[in-house]
DNA sequence: ATCATTCTTGACATCATTGTCAATATTGAC
DNA sequence: GTCAATATTGACAATGATGTCAAGAATGAT
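Chains as they are written, first to last, in this note's numbering: chain H, 251 to 441; chain U, 251 to 441.
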């Protein structure tokens, strides 16, 4: 390697993630990324190729963060507590910042028209893995659910989290979201 | 009125709705609308002002259709049957067309960056009214839920429908969505 | 039949964005 | 210290979108 990169790649991707999270893949422009990172547009093109390539890196970072946080929140012997922790985490995650950033996965999923196969695949991956995590938690309960039930229920829970993300975008406050989540957990597991 | 409009307004709005439904507010261009309706861009500007004005009309039409269909589906003495009907309707609604059109309300809600206050208001209105409809259904059961419970549960159900819309965008098939909805209804009301 | 009014049409200016490129600067390897 | 390889920079072309406008066409009212 000769001519050495003037910027810290990790820092650039972290900053790009912030931009994408706030604006979405479609609305975030290369100008936005250049301004936020302090790296010129041309350099970004040179280093990554195009906007989508940057997005994919940023999204991978996001997914890793998110799934780790989800795993931690779900790590509790009591299923109800685990789910409550999980929803708390997820709601804080999407209502953080001002204005709130929302959920990047959900926003990306809804960008169907724009997104390439690679992007769609990432979204499916995150949701699939999340479902796995939740399924494991449900199945792990002492005397827990049968595998098929745990699987179906996990899917329902993932679906509900997506609903929370939409409701946040529609204007629901953190408090309202938490109340919904609590009601949901009560209704679904509290029986 | 002299110089008479060459096109049928109702037909134009209906066609515009189809375009917005398939592409979303942001991605649908005036060119798309002109091509689909057979009305020139200039004429559309003259008649409606701008794209958002057309969208608002189209969305109102959509909302009316949707809420009426929801009301009909929910009109059943048995709460479980009512909800099953409702979810069937909503899932068919979003998986119709090829490729599927998805849910316009949800897509619009996620377009936060672009949307004006007027657009956001419409989205909130639809979701609010839907919640009312569901709440009424839940409360109307003979020996039904207390009002506060019905209200909270209605919100959860609305949230879940939004989740289904996201999962559809993420690639879930009609069959998968129906299974999730059935599991949800079982878990929430079947107790 | 004429007129005033409205609609239609195509051209235009403007703007934002993407992606490319040649010239220049930088620097590790030898 | 020279060189080859890479990064940076600013300019450029191309595209696609929005919104405006003047000129022309159409028509109900008189």
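For glycine and all other residues, C-beta sits at the position ideal for the given N, C-alpha and C. Fair warning: this is a prediction, and the values are worked out from it, not measured in the lab.
(request) Could you confirm whether any beta carbon from chain U is found closer than 8 Å to the beta carbon of residue 347(H)? (result) At a cut-off of 8 Å between C-beta atoms, residue 347(H) does not count as an interface residue with respect to chain U.
(request) Just mark residue 386(U) as buried or exposed, buried being the case when its beta carbon has 16 or more other beta carbons within 10 Å. (result) That one is exposed.
(request) Would you kindly report the start and end of the unbroken alpha helix (DSSP H) that includes residue 379(H)? (result) Residue 379(H) -> alpha helix (DSSP H) spans 367 to 390.
(request) Could you check what DSSP says for residue 316(H) in three-state terms: helix, strand or coil? (result) In the structure shown, residue 316(H) falls within a helical segment according to DSSP collapsed to helix, strand and coil.
(message) Please confirm whether residue 424(H) has its beta-carbon closer than 8 Å to some beta-carbon of chain U.
(response) Not closer than 8 Å to any Cβ of chain U, the Cβ of residue 424(H) fails to qualify, so no.
(message) Output needed in chain order: residues of the segment 300 to 324 of chain H with a Cβ under 7 Å from some Cβ in chain U.
(response) Per Cβ criterion, the list is empty.
(request) Can you pull the chain H residues whose beta carbon is under 8 Å from the beta carbon of residue 389(U), in chain order? (result) Within chain H, no C-beta atom comes less than 8 Å from the C-beta of residue 389(U); the nearest is roughly 15 Å away.
(request) Give the DSSP-derived three-state secondary structure of residue 337(H) in the structure shown. (result) It is helical.
(message) So that I know if they touch, is there some Cβ in chain H lying closer than 8 Å to that of residue 270(U)?
(response) Not one chain H Cβ lies under 8 Å of residue 270(U).
(request) Can you pull the chain U residues whose beta carbon is under 8 Å from the beta carbon of residue 433(H), in chain order? (result) Close partners of residue 433(H) in chain U (Cβ separation under 8 Å): 402, 403, 405 and 406.
(request) Would you decide whether residue 397(U) is buried or exposed? Buried here means 16 or more other CB atoms lie within 10 Å of its CB. (result) Exposed, by the Cβ-count rule.
(request) Along the alpha helix (DSSP H) that carries residue 430(H), what are the first and last residues, could you check? (result) Here the alpha helix (DSSP H) through residue 430(H) covers 424 to 439.
(request) To the nearest angstrom, report how far apart residue 408(U) and residue 411(H) are at their CA atoms. (result) If you take the alpha carbons of residue 408(U) and residue 411(H), they lie about 12 Å apart.
(request) State the DSSP-derived secondary structure class of residue 413(H), mapped to helix, strand or coil. (result) Residue state, collapsed to three classes: helix.
(message) Whole angstroms are fine: how far does the CA of residue 263(U) sit from the CA of residue 395(H)?
(response) Their Cα atoms are separated by approximately 50 Å.
(message) To the nearest angstrom, how far is the alpha carbon of residue 314(U) from that of residue 287(U)?
(response) Rounded to the nearest angstrom, the two C-alpha atoms are 21 Å apart.
(request) Would you kindly report the start and end of the unbroken alpha helix (DSSP H) that includes residue 325(H)? (result) Here residue 325(H) belongs to no alpha helix (DSSP H), and DSSP marks it neither H nor E.
(message) Determine, for residue 421(U), whether the minimum Cβ-Cβ distance to residues of chain H falls below 8 Å.
(response) Chain H has a Cβ within less than 8 Å of the Cβ of residue 421(U).
(request) Measure from the C-beta of residue 438(H) to each C-beta in chain U and report whether the shortest distance is under 8 Å. (result) At least one chain U Cβ lies under 8 Å of residue 438(H).
(request) Specify, as a first and last residue, the run of the alpha helix (DSSP H) that residue 352(H) falls within. (result) If you look at residue 352(H), you'll find it isn't in any alpha helix (DSSP H); DSSP assigns it neither H nor E.
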